[in-house]
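S.K.:
Number of protein chains: 2
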Amino acid sequence: MDHSVGEVAAFAGVTVRTLHHYDRIGLLRPTGRSGAGYRRYGECDLERLQQILFYRELGFSLDDIGTILDDPSTDSAAHLRRQHRLLNERIGRLRGMVAAVERALEAMTMGNALTPQERFELFGDYLADDYAKEAEERWGGTAEWDESQRKTAAYTKDDWRRLKAEGADVERRLAEAMRDGAEPSSTRAMDLAEEHRSHITRWFYTCDTAIHRGLTAMYAEDPRFRAYYDGAAPGLAEYVRDAAAANADRVEAAEG
Amino acid sequence: MDHSVGEVAAFAGVTVRTLHHYDRIGLLRPTGRSGAGYRRYGECDLERLQQILFYRELGFSLDDIGTILDDPSTDSAAHLRRQHRLLNERIGRLRGMVAAVERALEAMTMGNALTPQERFELFGDYLADDYAKEAEERWGGTAEWDESQRKTAAYTKDDWRRLKAEGADVERRLAEAMRDGAEPSSTRAMDLAEEHRSHITRWFYTCDTAIHRGLTAMYAEDPRFRAYYDGAAPGLAEYVRDAAAANADRVEAAEG
DNA sequence: GCTTGACCCTGACGTAAGGTCAGGCCGCAC
DNA sequence: GTGCGGCCTGACCTTACGTCAGGGTCAAGC
């Protein structure tokens, strides 16, 4: 019914050391130990390992994998669905690369060189392009827009990754606060709203409390943003809006 | 005409530190330096960087990338073609993972558990790799080994996939027969053993009944193979051995 | 009953591919 | 002439393991 490290390693195509490692960092603790201290892995350990390996293949860090898998609001069916989606995204991205290679080959046989921009476009930001145009129509010309443009122009792929991870983290904690029943006007929620505001200031543009109020209100109105937030937790868009407003009141009162 | 580190980093979506690193390890040395020692990257540096990033995305180590790119017998068109092939292979693997996720979801909704073997099919590629060397030490030099080498050398990724699917199918049906209580000497078990034998003959080498007898006995003895078979169903290794022996007797009797 | 060899344990150090400062030159703008 | 951003090297930190070293465990075989 249960298996030794070596067996599990053989099944899963990983080394024994990897399993030792996962045990040590608390990512995959075998449910039991034999009398002599041998690790014994049960069925659900194997299931968890499978999830781990999937997420690992998709490029997640072990740390993130731990957080993802230990989220009590996600059961294993939900993980499978998420993995399905992530895999398809990745396939799409690779197909883009295939197309780029084909273009490069074509350009080469035609005998013309590529510009640096053309050369690297597939490593660039392929995701946000859709929203970028619309955002420009909406905000273009304002001082904040210019500042944001200046700042983000220099961002690397790594910067974007870090930025998004940071933003996701704040959102996750906001959702948690909401689930825990913390009022939007509670210190906890307001502190998180403040973190949200400073995240924007840090990465995009100086977001004062007035702008923050307006921005989060817009989020709560725009169906696509609502969909995004509701994906994390239903009602989150309104919750963030209210927390941001409460925090704005607090900050403005403190500053006189 | 040439670019600074910061510019190149921005184009390519990597950090400046990464370029420093590639310079230090000799993977990408900028063609020039300014008077003050600033790195200056020319066109062909950019092309090389693009290749580097491509292979990196595909999971190659920087060391290997250096070897690949410094191979004088491969021009950039050849690289593009290779990348095209590698990308498609990777897409194929991801599609396999998508299928696995779908199977897992299906099994979950049907309420039946997966065997460790099913669970880790995709990750199991390495199993073979690990044993390849050992297999050579054990069998290298025999006529069967040579035949197997000749045959498998020409196999494509697709061939391997089909081969493994076919093998897994036979094993699954053997496990089923065992679970149903069919004696190893029953026609059903012997027929499956015969199928197993012809599978080997078809894909690897001419496996006569004597070899089949020895091979399955070895499977039953080797703890790792046992672990593999037991992953499908406990006791399967012995069952396959006995079925193969019974089938060998039957075939030898029939052939006089 | 004892050895042997495969398997397991923990601990400790090594490695790849960078991240993250620290301290210090360029070079252009104001 | 003095910031300020970009660049330099050097040095240590991090992640996800690999690779021993030293030593216990266990079933098989003599």
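If you're matching them up, the sequences are chains A and B in order.
The opening residue of the first sequence carries number 1 in UniProt numbering; numbering runs sequentially from there.
The opening residue of the second sequence carries number 1 in UniProt numbering; numbering runs sequentially from there.
Glycine is no exception: its CB is placed at the ideal position from the N, C-alpha and C atoms.
1) In the stretch 9 to 42 of chain A, which residues sit with their C-beta less than 7 Å from some C-beta in chain B, listed in chain order?
2) Starting from the Cα of R85 of chain B, find the closest Cα among B:L58, B:R188, B:M110 and B:E102 and give me that residue.
3) For a test of the three-state rule: what should DSSP assign to Y229 of chain B, helix, strand or coil?
4) How many Å lie between F60 of chain B and Q51 of chain B at the Cα?
5) Whose C-beta lies closer than 8 Å to the C-beta of R40 of chain A among residues of the same chain, with five residues either side of it excluded?
6) Report yes or no: is there a C-beta of chain A within less than 8 Å of the C-beta of R90 of chain B?
7) With DSSP as the reference, label G32 of chain A as helix, strand or coil.
8) Can you round the beta-carbon distance between H212 of chain B and R197 of chain B to whole angstroms, since I take them to be within the 8 Å contact cut?
9) Quick one: what does DSSP say Y55 of chain B is sitting in, helix, strand or coil?
10) Are the CB atoms of A182 of chain A and N247 of chain A within a distance shorter than 8 Å?
11) Suppose the cutoff is 8 Å on Cβ atoms and the five residues either side in sequence are ignored; what does the same chain contact list for R48 of chain B look like?
12) If distances are taken between C-alpha atoms only, which option among B:D23, B:R90 and B:L105 comes closest to R82 of chain A?
13) Which one or two residues does DSSP pair with R85 of chain A in a beta bridge?
14) Taking its Cβ as the centre, do 16 or more other Cβ atoms sit within 10 Å of M110 of chain B, making it buried, or is it exposed?
15) Taking only beta-carbon positions, decide if A77 of chain A is within less than 8 Å of chain B.
16) Straight-line CA distance for G66 of chain B to S73 of chain B?
17) For Y219 of chain B, name the three-state secondary structure that DSSP assigns.
18) For A217 of chain B and D249 of chain B, what's the separation of their Cα atoms in angstroms?
19) If we count the other Cβ atoms within 10 Å of its Cβ and call it buried at 16 or more, is R17 of chain A buried or exposed?
20) Check whether the Cβ atoms of M178 of chain B and A77 of chain A lie closer than 8 Å to each other.
21) Would you call the CB atoms of V251 of chain A and T209 of chain A closer than 8 Å?
22) Any Cβ of chain B within less than 8 Å of the Cβ of M108 of chain A?
23) Output, in chain order, the set of chain B residues within a Cβ distance shorter than 9 Å of L105 of chain A.
24) Within 8 Å (strictly less), CB to CB, does F60 of chain B reach chain A?
25) How many angstroms separate the CA atom of L174 of chain A from the CA atom of L53 of chain A?
26) Does DSSP classify Y22 of chain A as helix, strand or coil?
27) So, does the CB of R197 of chain B fall closer than 8 Å to a CB anywhere in chain A?
28) Near A245 of chain A, what residues of its chain come up, given a Cβ to Cβ distance below 6 Å and the 5 sequence neighbours on each side ignored?
29) Looking at R241 of chain B: is its Cβ nearer than 8 Å to the Cβ of Y219 of chain B?
30) Any heavy atom of the ligand COA within a distance shorter than 7 Å of the CB on D23 of chain B?
31) For L80 of chain B, tell me which candidate among A:D23, A:V98 and A:L80 has the shortest Cα-Cα distance.
32) Please check if any C-beta of chain B sits within less than 8 Å of the C-beta of R213 of chain A.
33) Spatial neighbours of L62 of chain B within its chain, please: C-beta separation below 6 Å, excluding the five flanking residues on both sides.
34) Take the Cβ of R224 of chain A as the centre, count every other Cβ of all protein chains shown within 10 Å, and call the residue buried at 16 or more, exposed below.
35) Between which two residues does the alpha helix (DSSP H) holding Y239 of chain A run?
36) Which one of B:G37, B:E43, B:D23 and B:R24 has the shortest CA to CA distance from F11 of chain B?
M.R.: The short version:
1) A10, F11, A12 and G13
2) B:L58
3) helix
4) 11 Å
5) D2, H3, S4, P30, T31, G32, R33 and S34
6) yes
7) strand
8) 5 Å
9) helix
10) no
11) L28 and L69
12) B:L105
13) DSSP output for R85 of chain A lists no bridge partner at all.
14) exposed
15) yes
16) 14 Å
17) helix
18) 15 Å
19) exposed
20) no
21) yes
22) yes
23) A77, L80, R81 and H84
24) no
25) 29 Å
26) helix
27) no
28) R213
29) yes
30) Ligands displayed in this structure: none; no statement on the ligand COA is therefore possible.
31) A:V98
32) no
33) L27
34) With a pLDDT of 47 at R224 of chain A, under the threshold of 50, the predicted position of this residue should be treated as unreliable, though the coordinate-derived value follows. Exposed.
35) L236 to A254
36) B:E43
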